[in-house]
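K.L.:
My structure is below; once you've seen it, I'll send some questions.
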Amino acid sequence: MPPDLPVPATRRRLPESYGAYYPSDRTVAGCGTAQDDAQWHTTARHFLRAGAAASEPRGLTLVSNVVEFNRDRPRKRRTSTASRAIPVPRGAHLEQCRESWLLALESSNKADKTIRSYMDVAAMFITYLNDNSLPCDAEGVQPEHVRAFLVYERHRTSPASADVCFRNLRVWWNWLCSPEIAERTAPSPVLKADRPQVPAKVRAYITEAEQRRLLATAASNSFEDRRDKALMTILYDAGPRASGLMNVRYTPHQPDSHDVDLKGRRLRITLKGGDEHWLPLGRAAAQAVDRYLRARSAHSKAQASPWLWLGIQGRNTSHMSPEGLRDMLVRRGDLAGIQGRVHPHRYRGTAAHELLAAGASDSDVQSILGWKTREMVDHYAGDLAAERARETHARLSPADRLTAGKP
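Shown next, in the form of C-alpha coordinates:
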(Lines of atoms letter the chains of each structure in order from A; the text may use other names.)
(Lines give C-alpha, C1' and ligand atoms only; values in the text may rest on other atoms or scores of the structure.)
Protein backbone atom coordinates (compact mmCIF):
# COMPACT_ATOMS: atom_id res chain seq x y z
CA MET A 4 0.00 0.00 0.00
CA PRO A 5 1.58 3.33 -1.00
CA PRO A 6 1.88 6.06 1.61
CA ASP A 7 -0.54 8.95 1.87
CA LEU A 8 0.04 11.42 -0.89
CA PRO A 9 0.23 15.16 -0.21
CA VAL A 10 -2.22 17.58 -1.78
CA PRO A 11 -0.42 20.15 -3.93
CA ALA A 12 -0.63 23.67 -2.62
CA THR A 13 -0.66 25.26 -6.04
CA ARG A 14 -3.43 25.10 -8.61
CA ARG A 15 -2.50 24.42 -12.23
CA ARG A 16 -4.35 23.60 -15.45
CA LEU A 17 -3.75 19.98 -16.46
CA PRO A 18 -4.32 17.99 -19.66
CA GLU A 19 -7.80 17.26 -21.05
CA SER A 20 -8.22 13.78 -19.53
CA TYR A 21 -8.92 13.19 -15.87
CA GLY A 22 -6.01 10.76 -15.59
CA ALA A 23 -2.63 11.05 -17.32
CA TYR A 24 0.60 9.17 -16.56
CA TYR A 25 4.03 10.84 -16.61
CA PRO A 26 7.49 9.44 -15.74
CA SER A 27 8.38 10.74 -12.26
CA ASP A 28 8.50 9.69 -8.61
CA ARG A 29 5.56 8.47 -6.52
CA THR A 30 3.96 11.89 -6.16
CA VAL A 31 0.65 13.30 -7.24
CA ALA A 32 0.08 16.72 -8.79
CA GLY A 33 -3.42 18.12 -9.15
CA CYS A 34 -5.88 20.95 -8.61
CA GLY A 35 -7.54 19.75 -5.44
CA THR A 36 -8.46 22.05 -2.54
CA ALA A 37 -8.20 21.49 1.19
CA GLN A 38 -11.79 20.28 1.55
CA ASP A 39 -11.22 17.71 -1.22
CA ASP A 40 -8.39 15.90 0.59
CA ALA A 41 -10.29 12.67 1.16
CA GLN A 42 -11.58 12.38 -2.39
CA TRP A 43 -8.18 13.37 -3.81
CA HIS A 44 -6.24 10.66 -1.94
CA THR A 45 -8.87 8.03 -2.68
CA THR A 46 -8.67 8.74 -6.40
CA ALA A 47 -4.87 8.79 -6.42
CA ARG A 48 -4.63 5.45 -4.57
CA HIS A 49 -7.13 3.95 -7.01
CA PHE A 50 -4.92 4.77 -10.02
CA LEU A 51 -1.75 3.67 -8.22
CA ARG A 52 -3.25 0.30 -7.25
CA ALA A 53 -4.54 -0.17 -10.80
CA GLY A 54 -1.11 0.67 -12.17
CA ALA A 55 0.51 -1.92 -9.94
CA ALA A 56 -1.96 -4.61 -10.99
CA ALA A 57 -2.03 -4.13 -14.75
CA SER A 58 -0.08 -2.41 -17.45
CA GLU A 59 -3.17 -0.72 -19.01
CA PRO A 60 -5.68 0.11 -16.26
CA ARG A 61 -9.13 1.09 -17.55
CA GLY A 62 -7.85 1.50 -21.11
CA LEU A 63 -5.22 4.18 -20.25
CA THR A 64 -1.53 3.56 -20.96
CA LEU A 65 0.53 3.43 -17.79
CA VAL A 66 3.83 5.24 -18.24
CA SER A 67 4.75 5.54 -14.57
CA ASN A 68 3.25 5.35 -11.09
CA VAL A 69 2.80 9.09 -10.97
CA VAL A 70 -0.76 10.32 -11.51
CA GLU A 71 -1.94 13.77 -12.39
CA PHE A 72 -5.62 14.24 -11.57
CA ASN A 73 -7.50 17.31 -12.73
CA ARG A 74 -10.25 17.50 -10.13
CA ASP A 75 -11.62 20.95 -10.94
CA ARG A 76 -11.29 21.00 -14.74
CA PRO A 77 -14.35 22.70 -16.26
CA ARG A 78 -16.50 20.29 -18.26
CA LYS A 79 -18.54 21.13 -21.33
CA ARG A 80 -22.26 20.93 -20.83
CA ARG A 81 -23.80 18.07 -22.72
CA THR A 82 -26.74 18.92 -24.95
CA SER A 83 -28.92 16.52 -26.87
CA THR A 84 -28.57 16.70 -30.63
CA ALA A 85 -32.33 16.38 -30.89
CA SER A 86 -32.99 19.50 -28.84
CA ARG A 87 -32.93 22.42 -31.23
CA ALA A 88 -34.10 25.95 -30.94
CA ILE A 89 -37.77 26.31 -31.82
CA PRO A 90 -38.18 28.91 -34.59
CA VAL A 91 -39.99 32.06 -33.54
CA PRO A 92 -43.28 32.34 -35.48
CA ARG A 93 -43.53 35.29 -37.84
CA GLY A 94 -47.08 34.68 -39.04
CA ALA A 95 -50.25 32.76 -38.27
CA HIS A 96 -49.70 29.19 -37.09
CA LEU A 97 -50.45 26.64 -39.79
CA GLU A 98 -52.85 24.73 -37.55
CA GLN A 99 -55.02 27.85 -37.35
CA CYS A 100 -54.67 28.31 -41.10
CA ARG A 101 -55.76 24.72 -41.62
CA GLU A 102 -58.92 25.23 -39.56
CA SER A 103 -59.72 28.42 -41.47
CA TRP A 104 -59.17 26.62 -44.76
CA LEU A 105 -61.59 23.90 -43.67
CA LEU A 106 -64.32 26.50 -43.12
CA ALA A 107 -63.60 28.03 -46.54
CA LEU A 108 -63.79 24.64 -48.26
CA GLU A 109 -67.06 23.75 -46.55
CA SER A 110 -68.58 27.11 -47.45
CA SER A 111 -67.60 26.61 -51.11
CA ASN A 112 -69.48 23.28 -51.15
CA LYS A 113 -66.47 21.12 -51.93
CA ALA A 114 -66.98 17.36 -51.96
CA ASP A 115 -66.43 15.60 -48.62
CA LYS A 116 -63.78 13.33 -50.11
CA THR A 117 -61.90 16.31 -51.52
CA ILE A 118 -62.00 18.12 -48.17
CA ARG A 119 -60.70 15.05 -46.35
CA SER A 120 -57.82 14.74 -48.80
CA TYR A 121 -56.90 18.42 -48.37
CA MET A 122 -57.07 18.25 -44.57
CA ASP A 123 -55.05 15.03 -44.36
CA VAL A 124 -52.19 16.43 -46.44
CA ALA A 125 -52.17 19.70 -44.49
CA ALA A 126 -52.00 17.77 -41.20
CA MET A 127 -49.16 15.61 -42.53
CA PHE A 128 -47.21 18.70 -43.56
CA ILE A 129 -47.69 20.35 -40.14
CA THR A 130 -46.55 17.17 -38.38
CA TYR A 131 -43.45 17.00 -40.58
CA LEU A 132 -42.52 20.60 -39.78
CA ASN A 133 -42.97 20.10 -36.03
CA ASP A 134 -41.03 16.82 -35.98
CA ASN A 135 -38.09 18.47 -37.72
CA SER A 136 -38.19 21.74 -35.70
CA LEU A 137 -38.94 23.77 -38.82
CA PRO A 138 -41.01 26.97 -38.96
CA CYS A 139 -44.71 26.16 -38.74
CA ASP A 140 -46.25 29.51 -39.54
CA ALA A 141 -47.51 31.07 -42.76
CA GLU A 142 -44.56 33.44 -43.13
CA GLY A 143 -41.77 31.12 -42.02
CA VAL A 144 -42.28 28.17 -44.38
CA GLN A 145 -39.81 28.25 -47.26
CA PRO A 146 -39.65 26.34 -50.58
CA GLU A 147 -36.87 24.11 -49.24
CA HIS A 148 -39.17 22.96 -46.43
CA VAL A 149 -41.88 21.96 -48.91
CA ARG A 150 -39.28 20.30 -51.11
CA ALA A 151 -37.92 18.25 -48.21
CA PHE A 152 -41.44 17.17 -47.23
CA LEU A 153 -42.19 15.99 -50.78
CA VAL A 154 -38.95 14.00 -50.90
CA TYR A 155 -39.82 12.46 -47.54
CA GLU A 156 -43.30 11.46 -48.74
CA ARG A 157 -41.95 10.05 -51.99
CA HIS A 158 -39.61 7.72 -50.09
CA ARG A 159 -42.21 6.90 -47.44
CA THR A 160 -45.03 6.09 -49.87
CA SER A 161 -44.74 6.53 -53.64
CA PRO A 162 -44.21 9.22 -56.30
CA ALA A 163 -47.96 9.24 -56.98
CA SER A 164 -48.76 9.95 -53.32
CA ALA A 165 -46.12 12.67 -53.22
CA ASP A 166 -47.76 14.23 -56.28
CA VAL A 167 -51.10 14.29 -54.46
CA CYS A 168 -49.39 16.06 -51.55
CA PHE A 169 -47.90 18.59 -53.96
CA ARG A 170 -51.24 19.38 -55.61
CA ASN A 171 -53.08 19.70 -52.31
CA LEU A 172 -50.38 21.90 -50.77
CA ARG A 173 -50.41 24.10 -53.87
CA VAL A 174 -54.13 24.70 -53.46
CA TRP A 175 -53.69 25.49 -49.75
CA TRP A 176 -50.83 27.94 -50.17
CA ASN A 177 -52.47 29.65 -53.14
CA TRP A 178 -55.42 30.24 -50.83
CA LEU A 179 -53.17 31.56 -48.04
CA CYS A 180 -51.38 33.92 -50.47
CA SER A 181 -54.56 35.17 -52.15
CA PRO A 182 -55.39 38.88 -51.68
CA GLU A 183 -58.59 37.96 -49.85
CA ILE A 184 -56.75 35.94 -47.18
CA ALA A 185 -53.26 37.52 -47.25
CA GLU A 186 -51.79 35.36 -44.48
CA ARG A 187 -48.48 35.34 -46.34
CA THR A 188 -46.79 38.36 -47.91
CA ALA A 189 -44.15 36.35 -49.80
CA PRO A 190 -45.01 34.19 -52.84
CA SER A 191 -46.22 30.64 -52.32
CA PRO A 192 -43.47 28.24 -51.16
CA VAL A 193 -44.94 25.49 -53.36
CA LEU A 194 -43.01 25.86 -56.60
CA LYS A 195 -44.01 24.32 -59.91
CA ALA A 196 -40.45 23.05 -60.42
CA ASP A 197 -40.72 20.91 -57.26
CA ARG A 198 -43.62 18.80 -58.51
CA PRO A 199 -42.71 15.09 -58.18
CA GLN A 200 -42.26 13.17 -61.40
CA VAL A 201 -44.74 10.27 -61.52
CA PRO A 202 -43.73 7.36 -63.78
CA ALA A 203 -46.34 6.72 -66.45
CA LYS A 204 -48.32 3.50 -66.04
CA VAL A 205 -50.35 1.70 -68.65
CA ARG A 206 -54.03 2.12 -67.80
CA ALA A 207 -56.12 -1.06 -67.62
CA TYR A 208 -59.41 -1.18 -69.56
CA ILE A 209 -62.39 -3.52 -69.67
CA THR A 210 -62.58 -5.31 -73.01
CA GLU A 211 -65.86 -6.38 -74.62
CA ALA A 212 -65.12 -10.02 -73.82
CA GLU A 213 -64.40 -9.18 -70.17
CA GLN A 214 -67.62 -7.16 -69.89
CA ARG A 215 -69.64 -10.10 -71.20
CA ARG A 216 -68.03 -12.38 -68.62
CA LEU A 217 -68.79 -9.88 -65.86
CA LEU A 218 -72.44 -9.62 -66.88
CA ALA A 219 -72.65 -13.41 -67.05
CA THR A 220 -71.96 -13.58 -63.30
CA ALA A 221 -75.24 -11.69 -62.71
CA ALA A 222 -77.55 -13.64 -65.01
CA SER A 223 -80.23 -14.69 -62.50
CA ASN A 224 -83.45 -12.87 -61.60
CA SER A 225 -82.47 -12.23 -57.98
CA PHE A 226 -82.48 -8.72 -56.56
CA GLU A 227 -78.70 -8.73 -56.19
CA ASP A 228 -78.01 -9.88 -59.75
CA ARG A 229 -80.45 -7.40 -61.28
CA ARG A 230 -78.92 -4.57 -59.29
CA ASP A 231 -75.33 -5.52 -60.07
CA LYS A 232 -76.05 -6.05 -63.76
CA ALA A 233 -77.65 -2.61 -63.99
CA LEU A 234 -74.67 -1.01 -62.26
CA MET A 235 -72.09 -2.72 -64.47
CA THR A 236 -74.05 -1.83 -67.60
CA ILE A 237 -74.22 1.86 -66.66
CA LEU A 238 -70.52 1.93 -65.81
CA TYR A 239 -69.59 0.42 -69.16
CA ASP A 240 -72.06 2.63 -71.03
CA ALA A 241 -71.22 6.07 -69.61
CA GLY A 242 -68.43 5.69 -67.02
CA PRO A 243 -69.79 7.77 -64.09
CA ARG A 244 -67.86 8.28 -60.87
CA ALA A 245 -68.71 5.88 -58.06
CA SER A 246 -69.92 8.61 -55.70
CA GLY A 247 -72.11 10.21 -58.34
CA LEU A 248 -73.73 6.95 -59.42
CA MET A 249 -74.38 5.59 -55.92
CA ASN A 250 -75.98 8.82 -54.67
CA VAL A 251 -78.75 8.88 -57.28
CA ARG A 252 -82.11 9.46 -55.56
CA TYR A 253 -85.32 7.63 -56.41
CA THR A 254 -88.36 9.65 -55.27
CA PRO A 255 -91.07 9.35 -57.96
CA HIS A 256 -93.56 11.36 -55.87
CA GLN A 257 -91.10 14.25 -55.30
CA PRO A 258 -90.02 15.50 -58.75
CA ASP A 259 -87.54 18.04 -57.38
CA SER A 260 -85.36 15.32 -55.85
CA HIS A 261 -86.15 12.53 -58.33
CA ASP A 262 -82.97 11.73 -60.29
CA VAL A 263 -84.26 8.92 -62.52
CA ASP A 264 -85.68 9.75 -65.96
CA LEU A 265 -86.15 6.48 -67.81
CA LYS A 266 -88.28 8.02 -70.54
CA GLY A 267 -85.46 10.42 -71.33
CA ARG A 268 -82.91 7.63 -70.71
CA ARG A 269 -80.82 9.61 -68.24
CA LEU A 270 -79.82 9.84 -64.58
CA ARG A 271 -79.09 13.02 -62.65
CA ILE A 272 -75.81 12.71 -60.78
CA THR A 273 -73.61 15.05 -58.77
CA LEU A 274 -70.14 15.66 -60.14
CA LYS A 275 -66.94 15.95 -58.13
CA GLY A 276 -67.21 19.71 -57.73
CA GLY A 277 -70.87 19.56 -56.70
CA ASP A 278 -72.38 20.43 -60.10
CA GLU A 279 -75.42 18.50 -61.32
CA HIS A 280 -75.07 16.49 -64.51
CA TRP A 281 -77.55 14.47 -66.53
CA LEU A 282 -75.84 11.19 -67.42
CA PRO A 283 -77.14 9.74 -70.71
CA LEU A 284 -78.06 6.06 -70.87
CA GLY A 285 -78.19 3.76 -73.85
CA ARG A 286 -81.12 1.45 -74.48
CA ALA A 287 -79.43 -1.52 -72.79
CA ALA A 288 -78.58 0.51 -69.68
CA ALA A 289 -82.09 1.99 -69.41
CA GLN A 290 -83.60 -1.48 -69.76
CA ALA A 291 -81.29 -2.84 -67.04
CA VAL A 292 -82.34 -0.04 -64.66
CA ASP A 293 -86.02 -0.67 -65.38
CA ARG A 294 -85.56 -4.37 -64.67
CA TYR A 295 -83.83 -3.53 -61.38
CA LEU A 296 -86.64 -1.16 -60.32
CA ARG A 297 -89.16 -4.00 -60.52
CA ALA A 298 -87.00 -6.04 -58.14
CA ARG A 299 -86.41 -3.00 -55.94
CA SER A 300 -90.12 -2.57 -55.26
CA ALA A 301 -90.08 -5.82 -53.24
CA HIS A 302 -87.15 -4.73 -51.05
CA SER A 303 -87.94 -4.14 -47.37
CA LYS A 304 -86.51 -0.59 -47.53
CA ALA A 305 -88.01 0.37 -50.88
CA GLN A 306 -90.66 2.73 -49.47
CA ALA A 307 -88.56 4.34 -46.75
CA SER A 308 -85.32 4.88 -48.66
CA PRO A 309 -84.86 7.84 -51.04
CA TRP A 310 -81.88 6.17 -52.72
CA LEU A 311 -81.99 4.28 -56.00
CA TRP A 312 -79.46 1.62 -55.07
CA LEU A 313 -80.30 -0.52 -52.03
CA GLY A 314 -78.07 -2.95 -50.16
CA ILE A 315 -78.67 -6.53 -49.12
CA GLN A 316 -76.25 -6.91 -46.22
CA GLY A 317 -74.68 -4.79 -43.53
CA ARG A 318 -76.27 -2.34 -41.13
CA ASN A 319 -77.40 0.18 -43.76
CA THR A 320 -79.31 -1.74 -46.41
CA SER A 321 -81.33 1.36 -47.30
CA HIS A 322 -78.39 2.77 -49.28
CA MET A 323 -75.62 0.97 -51.16
CA SER A 324 -72.49 3.10 -50.73
CA PRO A 325 -69.62 3.73 -53.16
CA GLU A 326 -67.54 1.35 -51.05
CA GLY A 327 -70.22 -1.28 -51.57
CA LEU A 328 -69.97 -0.74 -55.33
CA ARG A 329 -66.21 -1.23 -55.24
CA ASP A 330 -66.54 -4.41 -53.20
CA MET A 331 -69.14 -5.73 -55.63
CA LEU A 332 -66.91 -5.10 -58.65
CA VAL A 333 -63.97 -6.86 -57.02
CA ARG A 334 -66.18 -9.84 -56.20
CA ARG A 335 -67.65 -9.99 -59.72
CA GLY A 336 -64.20 -9.61 -61.25
CA ASP A 337 -62.93 -12.59 -59.27
CA LEU A 338 -65.94 -14.67 -60.34
CA ALA A 339 -65.37 -13.75 -63.99
CA GLY A 340 -61.64 -14.42 -63.82
CA ILE A 341 -60.70 -10.89 -64.87
CA GLN A 342 -56.98 -10.15 -64.67
CA GLY A 343 -56.30 -7.20 -62.40
CA ARG A 344 -58.68 -5.47 -60.03
CA VAL A 345 -62.00 -4.28 -61.44
CA HIS A 346 -62.92 -0.85 -60.08
CA PRO A 347 -65.13 2.11 -61.13
CA HIS A 348 -62.25 4.17 -62.55
CA ARG A 349 -61.27 1.28 -64.80
CA TYR A 350 -64.77 1.51 -66.26
CA ARG A 351 -64.41 5.30 -66.57
CA GLY A 352 -61.44 5.00 -68.90
CA THR A 353 -63.12 2.16 -70.78
CA ALA A 354 -66.24 4.21 -71.50
CA ALA A 355 -64.14 7.10 -72.82
CA HIS A 356 -62.14 4.78 -75.08
CA GLU A 357 -65.18 2.95 -76.45
CA LEU A 358 -66.99 6.20 -77.25
CA LEU A 359 -63.95 7.62 -79.04
CA ALA A 360 -63.40 4.38 -80.93
CA ALA A 361 -67.03 4.46 -82.09
CA GLY A 362 -66.52 7.92 -83.58
CA ALA A 363 -67.46 10.32 -80.79
CA SER A 364 -65.53 13.59 -80.68
CA ASP A 365 -63.43 14.69 -77.75
CA SER A 366 -66.00 17.33 -76.82
CA ASP A 367 -68.76 14.70 -76.90
CA VAL A 368 -66.86 12.44 -74.53
CA GLN A 369 -66.06 15.37 -72.27
CA SER A 370 -69.75 16.26 -72.06
CA ILE A 371 -70.99 12.69 -71.56
CA LEU A 372 -68.61 11.93 -68.71
CA GLY A 373 -69.01 15.36 -67.09
CA TRP A 374 -65.43 16.55 -67.41
CA LYS A 375 -64.64 20.26 -67.28
CA THR A 376 -61.42 20.20 -69.29
CA ARG A 377 -60.30 18.58 -72.51
CA GLU A 378 -57.18 17.22 -70.79
CA MET A 379 -59.27 14.67 -68.87
CA VAL A 380 -60.11 12.90 -72.13
CA ASP A 381 -56.42 12.28 -72.78
CA HIS A 382 -55.86 11.38 -69.13
CA TYR A 383 -58.39 8.54 -69.21
CA ALA A 384 -58.31 7.42 -72.84
CA GLY A 385 -54.91 8.54 -74.10
CA ASP A 386 -53.24 5.15 -73.71
CA LEU A 387 -55.30 3.66 -76.55
CA ALA A 388 -55.15 6.70 -78.82
CA ALA A 389 -52.72 4.95 -81.20
CA GLU A 390 -55.03 1.93 -81.43
CA ARG A 391 -58.00 4.14 -82.26
CA ALA A 392 -55.93 5.96 -84.87
CA ARG A 393 -55.02 2.67 -86.56
CA GLU A 394 -58.66 1.61 -86.66
CA THR A 395 -59.67 4.97 -88.10
CA HIS A 396 -56.98 4.75 -90.74
CA ALA A 397 -58.05 1.24 -91.71
CA ARG A 398 -61.60 2.52 -92.16
CA LEU A 399 -60.67 5.74 -93.96
CA SER A 400 -57.46 4.76 -95.76
CA PRO A 401 -56.92 7.15 -98.73
CA ALA A 402 -55.19 4.47 -100.78
CA ASP A 403 -57.99 1.97 -100.17
CA ARG A 404 -60.58 4.51 -101.25
CA LEU A 405 -58.52 5.35 -104.34
CA THR A 406 -58.28 1.75 -105.48
CA ALA A 407 -61.81 0.82 -104.45
CA GLY A 408 -63.29 2.43 -107.56
CA LYS A 409 -60.98 0.68 -110.05
CA PRO A 410 -62.33 -2.26 -112.06
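One point on numbering: in our numbering, the residue at position 394 of the sequence shown is 397, and numbering is uninterrupted. No residue lacks a Cβ here, since even glycine has one placed at the ideal position from N, Cα and C.
Measure the CB-CB distance between Tyr-239 and Ala-354 and report whether it falls below 8 Å.
P.N.:
Against a cut-off of 8 Å, the Cβ pair of Ala-354 and Tyr-239 comes out as a contact.
K.L.:
Thinking C-beta only, is Ala-287 closer than 8 Å to Arg-268?
P.N.:
No, they are not a contact pair.
K.L.:
Please state whether DSSP places Trp-104 in a helix, a strand or coil.
P.N.:
DSSP places Trp-104 in helix when its eight states are reduced to three.
K.L.:
Leaving out five residues on either side along the sequence, give the residues of the same chain with a beta carbon under 8 Å from the beta carbon of Arg-329.
P.N.:
Same-chain partners within the cutoff: Ala-245, His-346 and Pro-347.
K.L.:
Quick one: is Arg-318 buried, meaning 16 or more other Cβ sit within 10 Å of its Cβ, or exposed?
P.N.:
Under this definition Arg-318 is an exposed residue.
K.L.:
Can you tell which of Glu-109, Leu-106, Lys-116 and Ser-364 has its C-alpha closest to the C-alpha of Lys-275?
P.N.:
Looking at the Cα atoms, Lys-116 is the closest of the given residues.
K.L.:
Pull up the CB-CB distance for Glu-147 and Arg-93, whole angstroms please, since I reckon it's below 8 Å.
P.N.:
With a Cβ gap of about 16 Å, Glu-147 and Arg-93 do not count as contacting.
K.L.:
Under three-state DSSP, which class holds Arg-271?
P.N.:
It is a strand residue.
K.L.:
Who are Arg-252's beta bridge partners in DSSP?
P.N.:
The partner list for Arg-252 (beta bridge, DSSP) reads Trp-310.
K.L.:
If you count every other CB in all the chains shown that lies within 10 Å of the CB of Glu-378, and 16 or more means buried, which is it?
P.N.:
Classification of Glu-378: exposed, given that the 10 Å Cβ count is below 16.
K.L.:
Under 8 Å between C-beta atoms, does Val-345 make it to chain C?
P.N.:
Protein chains in the displayed structure number just one, and chain C is not present.
K.L.:
Does Val-201 come out as helix, strand or coil in the three-state DSSP assignment?
P.N.:
Coil at Val-201, not helix or strand.
K.L.:
Can you give me the Cβ contacts of His-302 inside the same chain, cut-off strictly under 7 Å, excluding the 5 residues immediately before and after it?
P.N.:
Phe-226 and Leu-313.
K.L.:
Alpha carbon to alpha carbon, what distance is there between Arg-159 and Ala-85?
P.N.:
Reliability fails at Ala-85, whose pLDDT of 47 lies under 50, so the model's placement of it is uncertain and the value that follows must be treated cautiously. Their Cα atoms are separated by approximately 21 Å.
K.L.:
Does DSSP put Glu-279 in a helix, a strand or coil?
P.N.:
Reduced to three states, the DSSP call for Glu-279 is strand.
K.L.:
Under 8 Å by Cβ, that's how I've got Ala-207 and Arg-349 pegged, so tell me the actual separation to the nearest angstrom.
P.N.:
The Cβ separation is near 6 Å, so the contact holds.
K.L.:
Does DSSP classify Val-345 as helix, strand or coil?
P.N.:
Three-state result, Val-345: coil.
K.L.:
Does the count of Cβ pairs from the stretch 166-179 and the stretch 124-133 closer than 8 Å reach three?
P.N.:
Because the criterion of three Cβ pairs below 8 Å is met, the stretch 166-179 and the stretch 124-133 touch.
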